[in-house]
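Visitor: Under the working numbering, the first residue of the sequence shown carries the number 2, and numbering increases by one thereafter. Beta carbons: idealized from backbone N, C-alpha and C, even for Gly. Would you mind keeping the following structure in view while I ask a few things?
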Amino acid sequence: MAEETDKTGRDDDRASEPPTDDANARDEDDATDEADEPEAKEPPKKATKRAADVAAPAPEARSAVTVRAVTPPPPAASLGKSVTAFLFVMFLLMGGFWFLGTAESPFGKPGQPKWKVGKTETITLTLDPKDDDNLACASETAIAGKRCEFKSKTEKTAEKLDDSTMLKPYKTTADEPLLAAGVWSAPEIAKGKRPNGRFNYKCQFKVEGKITRPLVRWNVAGQWGEQEGDWFVGSVSNCTVEK
């Protein structure tokens with residue numbers, strides 16, 4: 002017990018002793034070392050900015066050239082199909098027009114009658130008072146003893162013809178062409194009794210045959226014209242002037 006007391010007393014005496022010169026020297030050296038250590042400097046701001054610029058991707062440069070969309074040409078196969086379709090449509094149109102222009106077509110062009118040889122048709126002729134002198138046809142064909150006044154444009158028929166055997170060209174009020182004889186035989190339309198202007202003449206027309214492509218003249222001073230197709234030929238009877 003007495004030993005512990007003595008040890009404690011010695012420690013207290015040491016603590017109360019003033020510091021020696023060596024201790025003071027060591028403290029000064031430590032303070033000097035701490036003062037000599039360099040302070041850490043803050044990195045410059047410019048370096049940080051440059052690093053940010055390097056890290057960020059550069060924006061893509063916009064092209065000053067405007068690119069126009071070019072439509073590619075159609076494939077050869079498509080072009081071939083278009084040409085084929087076009088030709089097919091043209092073929093159909095041509096066939097349709099040909100059919101519409103035939104006499105057998107229900108939509109045949111005006112002036113193409115659908116009469117039958119041997120039949121008698123009721124017709125209405127459109128006449129001018131001078132038609133008996135102006136109208137003439139030319140053909141070498143004779144049908145049922147009837148023929149045109151001329152064989153050709155320059156040659157008259159050798160046979161002697163009268164109104165009952167001389168064919169002349171006429172048209173109906175429906176624009177139907179025909180060659181007929183006997184039109185001017187009726188007393189009703191004898192010279193001096195005819196209407197002053199153009200008039201309609203209703204008759205019974207006996208169809209006796211056809212003449213192909215006759216030459217027709219509508220005026221004594223006019224030109225001959227070659228007609229297309231066949232013209233029906235016959236004689237008229239029981240005619241009356243329409244009032």
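Sorted by chain position, which residues of the same chain lie with C-beta nearer than 6 Å to threonine 241's C-beta, five sequence neighbours on each side aside?
Guide: Cβ within range, chain order: Lys203.
Visitor: Using only CA atoms, which one of Val234, Trp185 and Leu88 lies nearest to leucine 179?
Guide: Comparing Cα-Cα distances from leucine 179 to each of Val234, Trp185 and Leu88, the minimum goes to Val234.
Visitor: When DSSP builds the beta bridges, which residues end up paired with cysteine 149?
Guide: Leu168.
Visitor: Can you tell which of Asp129, Glu141 and Ala86 has the C-alpha that lies nearest to the C-alpha of lysine 172?
Guide: Selected option, being the one with the closest Cα: Asp129.
Visitor: One question on the structure: do glycine 183 and serine 236 come within less than 7 Å of each other, judged by their Cβ atoms?
Guide: Yes; because the gap between Cβ atoms is below 7 Å, this pair is in contact.
Visitor: To the nearest angstrom, report how far apart lysine 147 and leucine 168 are at their CA atoms.
Guide: If you take the alpha carbons of lysine 147 and leucine 168, they lie about 6 Å apart.
Visitor: Tell me the DSSP secondary structure of aspartate 133 in three-state form.
Guide: Three-state DSSP puts aspartate 133 in a helix.
Visitor: So what does DSSP say about alanine 86, is it helix, strand or coil?
Guide: Correct three-state label for alanine 86: helix.
Visitor: Serine 236 lies in the beta strand (DSSP E); which residues open and close that run?
Guide: Start and end: 231–242.
Visitor: Taking DSSP as the reference, what is the three-state secondary structure of proline 1?
Guide: Limits of the chain in this structure are 2 at one end and 244 at the other, which puts residue 1 out of reach.
Visitor: If contact is defined by three or more beta carbon pairs under 8 Å, each pair taking one atom from either stretch, is the segment 118–128 in contact with the segment 149–159?
Guide: No, they do not touch.
Visitor: Have a look at alanine 86 and methionine 95 and give me their C-alpha separation to the nearest angstrom.
Guide: Distance between the alpha carbons of alanine 86 and methionine 95 is about 14 Å.
Visitor: Below 7 Å between beta carbons: does that hold for valine 217 and asparagine 135?
Guide: Contact flag unset, no.
Visitor: Count the other CB atoms, across all protein chains shown, that sit within 10 Å of the CB of serine 238; report buried if there are 16 or more and exposed otherwise.
Guide: Classification of serine 238: exposed, given that the 10 Å Cβ count is below 16.
Visitor: Should serine 140 go down as buried or exposed, given a rule of 16 or more other Cβ atoms within 10 Å for buried?
Guide: Flag for serine 140 reads buried.
Visitor: Using only the alpha-carbon positions, how far apart do glutamate 189 and aspartate 132 sit?
Guide: Answer to the nearest angstrom: the Cα atoms are 15 Å apart.
Visitor: What would DSSP say about glutamate 177, mapped onto helix, strand or coil?
Guide: Reduced to three states, the DSSP call for glutamate 177 is coil.
Visitor: Residues in the same chain with beta-carbon distance under 6 Å from aspartate 231, minus the five sequence neighbours each way, listed in chain order, please.
Guide: Taken in chain order, the residues that qualify are Lys211 and Thr213.
Visitor: Under the rule that 16 or more other beta-carbon atoms within 10 Å means buried, what is valine 90, buried or exposed?
Guide: Classification for valine 90: exposed.
Visitor: Can you tell me the Cα-Cα spacing of lysine 154 and glutamate 160, whole angstroms?
Guide: Taking the straight line joining both Cα atoms gives about 16 Å.
Visitor: What is the DSSP secondary structure of leucine 94, reduced to helix, strand or coil?
Guide: Looking at leucine 94 - three-state DSSP - the assignment turns out to be helix.
Visitor: Just mark alanine 175 as buried or exposed, buried being the case when its beta carbon has 16 or more other beta carbons within 10 Å.
Guide: Alanine 175 is exposed by the Cβ-count criterion.
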